[in-house]
Amino acid sequence: MPEIKNYTMNFGPQHPAAHGVLRLILELDGEVVEHADPHVGLLHRGTEKLAESKPFNQSIGYMDRLDYVSMMCNEHAYVRAIEQLLGIEAPIRAQYIRTMFDEITRVRNHLMWIGTHGLDLGAMALFLYAFREREQCMDMYEAVSGARMHATYYRPGGVYRDLPDHMPQYQESKWTKGKNLAYANEWREGSLLDFIDAFADDFPSKIAEYRTLLQDNRIWKQRTVGIGVVSPEQAKAWGFTGPMLRGSGVAWDLRKKQTYAAYDKVDFDVPVGVNGDCYDRYLVRMEEMVQSTRIIKQCVEWLRNNPGPVMVDEYKVAPPDREMMKEDMESMIHHFKLFTEGYTVPAGEVYTAVEAPKGEFGVYMISDDSNKPFRLKLRAPGFAHLSAMNDMVKGHMLADVVAVIGTMDIVFGEIDR
Amino acid sequence: MSNFKYQISKDLAAKLPDVEIVETTNGVTCTVPLEAWVETARLLRDDKAFQFEQCVDVCGVDYLTFGEAEWQTDGVSSTGFSRGIKAKGPGRFSWHERREESMPNRFAVVAQLLSVALNHRLTIKCFAPDEGMLMVPSLIDVWPGVNWFEREAFDLFGIIFKGHPDLRRILTDYGFIGHPFRKDFPLIGNVEVIYDEEQQRVVYQPVSIEPRVLVPKTIRRDSRYVENMNDQEAS
């Protein structure tokens, strides 16, 4: 009889189910995983060190490129850290805009997650549906910042500019004309808020479509129920946050518990799982999208009725408007100093965290009275989640590794930083 | 939040007499002596008044060049302000020009704790020894989740975590030399990879770019914060 031995297999870094550049060294006994050793860092760009060599505002764009499917939430953590060190607070309208865009970001992120997670587990159609809706969220980003993904929209002291009055429309082209054009522009007749409102009205029906495809789907349940079970104690000890922690039944959400922006002024529920397996985490994330839609609706309503400033009235931090710059010497000096040297931030250290779609995204910042951060540490939720990979997949089949990677909602931009 | 800060500072002072407690803008930082690092962590996890069951982050800090400005306009002459740039920051030198420097309390390890049960946070900090091995006890027996965070601090700062079962590099390349987040590591790095036509493979070569800094680091103690600073000094 031949001797049966364990063998070691290399998974990734170019495997489509590795969600980027994850390299896994798997020790297999037949098809059962004995040990998994994730090798990360293939996307390490040294964002924190780069930020230490630049004035504070020049690093906001780098935050978009961390978790590149939930851009504005990363920016939010970073600008909040600066705001707290400076001792300034964004105007209420900016807080509502941030709340709304954080939730649009959450919807975007979860759509990306459900699409790719479904794709990995064999639900091809869902990917196409999810990306159809994600495109509309990208248009919201584009309308407000000019960029579909890397927005650089949040600034210390508020947001870059107010919401536009007109939603850009599709022009007639060879492919989009007549009925198609009218359909494409159906929601785009009014302002951005009208567009977002129409989206929020429509989106719950789309979530229902995804649920039709997955919720009671036998294959989907076979692939997710009872896979990657994490107990609440383990989840806490491993430093899990966000849906990974809530899926295990711990009712912990920074938006409720350590509230920020305008989250204390809007009404929403926090879904919590029971069994802590991949299916519960799927249920949690799906319900989070519904709750995000609720928050978006409330923010749209408030923003429609309450015009006002979106940036602090403090020219040491925020640039003066162009008209003033042309007429007023002091404004010009402010503008010049702000864009050459930046502003200095009082010495001190601060840790701020936001509830990013993947979990707690934290920024630990040390300032030494200068115009650049002395030390910036970005706490990425995915980093803690992936570190528990070995414990989560031990004893599962090789195919379940893919389900666990999917349920962790891994993005390498934030893990490798 | 201020109530919470007061309460936790009081509890900390009562239970841990030898830690130094500083209240920051939005939280509390306590500096723990090296020898008490693990016991303090265990107490913070297990004590009913703290219950920090999560350690959300561990990171290293290199305090070299802390508070050193690069742009100093101290003297005024008939031709203008003095514009002396002191070449110190990581963007201003390359690998072979780097200086081996030491200073007291240069490296620190900072951990962010979170209590889900009591809904509060705490930052704990510990300075690595100045002489001998740069070694700090590992927190892995208290919170298993710190595994990768300590590997990262080892990789980027060269801090050795005593008792860590698997202290390998994590973010840098296989066979990387140096600890890139130290302040005496050049921003441009040391080597770059190119595809070598003759050898038909990717090879390392010394970096071909020059160090440069577009905006110098400036320190201004703005009058707006003078009031705050006085408060901090008084407390």
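So the sequence lines, in the order shown, correspond to chains Y and S. Under our numbering, the very last position in the first sequence is 434; numbers go up by exactly one each time. Under our numbering, the very last position in the second sequence is 615; numbers go up by exactly one each time. Built from N, CA and C at the ideal position, the CB exists for glycine as well.
- Take residue 550 (chain S), set aside five residues on each side of it, and the residues of its chain with a beta-carbon closer than 7 Å to its own are 528, 531, 532, 535, in chain order.
- The three-state reading of DSSP puts residue 40 (chain Y) in strand, counting E and B together.
- When C-beta distances to chain Y are compared with 7 Å, the residues of the stretch 547 to 566 of chain S below that value are 550, 551, 552, 560, 561, in chain order.
- Between residue 353 (chain Y) and the set Y:85, Y:62, Y:285, Y:336, the nearest pair of CA atoms involves Y:336.
- A direct Cα-to-Cα measurement between residue 293 (chain Y) and residue 450 (chain S) gives close to 52 Å.
- Closest in C-alpha terms to residue 371 (chain Y), from the list Y:65, Y:108, Y:106, Y:116, comes Y:116.
- Within chain S, the C-beta atoms nearer than 7 Å to that of residue 269 (chain Y) come from 496, in chain order.
- For the options Y:327, Y:286, Y:332, Y:328, the alpha carbon positioned closest to that of residue 310 (chain Y) is the one of Y:286.
- Here residue 137 (chain Y) has 34, 419, 423 as same chain residues with Cβ atoms under 6 Å from its own Cβ, once five neighbours each way along the sequence are excluded.
- Proximity of residue 407 (chain S) to chain Y, defined by a Cβ-Cβ separation below 8 Å, is satisfied.
- Looking at the DSSP output, residue 180 (chain Y) sits in no beta bridge, so it has no partner there.
- The beta-carbon of residue 388 (chain Y) is placed less than 8 Å from the nearest beta-carbon of chain S.
- When the Cα atoms are used, residue 381 (chain Y) and residue 295 (chain Y) turn out to be separated by approximately 31 Å.
- Rounded to the nearest whole angstrom, the C-alpha separation of residue 440 (chain S) and residue 234 (chain Y) is 47 Å.
- Check the Cα spacing between residue 514 (chain S) and each of S:586, S:489, S:579, S:494: the tightest is with S:489.
- If you draw a straight line from the Cα of residue 25 (chain Y) to the Cα of residue 46 (chain Y), it is about 9 Å long.
- The C-beta distance from residue 131 (chain Y) to residue 147 (chain Y) rounds to 5 Å, short enough to meet the 8 Å contact threshold.
- The criterion of a C-beta distance shorter than 8 Å is not satisfied by residue 334 (chain Y) and residue 102 (chain Y).
- For residue 285 (chain Y), the three-state secondary structure derived from DSSP is coil.
- Look at residue 570 (chain S): its C-beta is not under 8 Å from any C-beta on chain Y.
- Taking the Cα of residue 512 (chain S) as reference, the smallest distance to any Cα among S:497, S:503, S:506, S:540 is reached at S:540.
- Here residue 260 (chain Y) really is in contact with residue 305 (chain Y); their C-beta atoms are around 7 Å apart, less than 8 Å.
- Within the stretch 501 to 517 of chain S, the residues whose Cβ lies closer than 8 Å to some Cβ of chain Y are 501, 503, listed in chain order.
- The beta carbon of residue 429 (chain Y) does not come within 8 Å of any beta carbon belonging to chain S, so the residue lies off that interface.
- Per DSSP, reduced to three states, the secondary structure at residue 542 (chain S) is strand.
- Counting only the Cα atoms, residue 433 (chain S) lies some 39 Å from residue 597 (chain S).
- When secondary structure is reduced to three states using DSSP, residue 591 (chain S) falls in the coil class, being assigned neither helix nor strand.
- Taking a Cβ-Cβ threshold of 7 Å, the residues of chain Y close to residue 446 (chain S) are 385, 391, in chain order.
- Per DSSP, the unbroken beta strand (DSSP E) holding residue 500 (chain S) starts and ends at 500 to 507.
- By the Cβ test, the stretch 208 to 225 of chain Y is not in contact with the stretch 275 to 282 of chain Y, since fewer than three Cβ pairs between them sit closer than 8 Å.
- Distance from the CA atom of residue 397 (chain Y) to the CA atom of residue 379 (chain Y), rounded to whole angstroms, is 7 Å.
- Contact annotation: residue 317 (chain Y) and residue 110 (chain Y) have beta-carbon atoms that are not nearer than 8 Å.
- When C-alpha distances from residue 213 (chain Y) are compared across Y:320, Y:57, Y:187, Y:377, the shortest belongs to Y:320.
- Within the stretch 428 to 441 of chain S, contact with chain Y at the beta-carbon level (separation under 7 Å) is assigned to 433, 434, 435, 436, 437, 439, 441.
- Among the CB atoms of chain Y, none fall inside 8 Å of the CB of residue 387 (chain S).
- For residue 61 (chain Y), the nearest beta carbon of chain S is closer than 8 Å to its own beta carbon.
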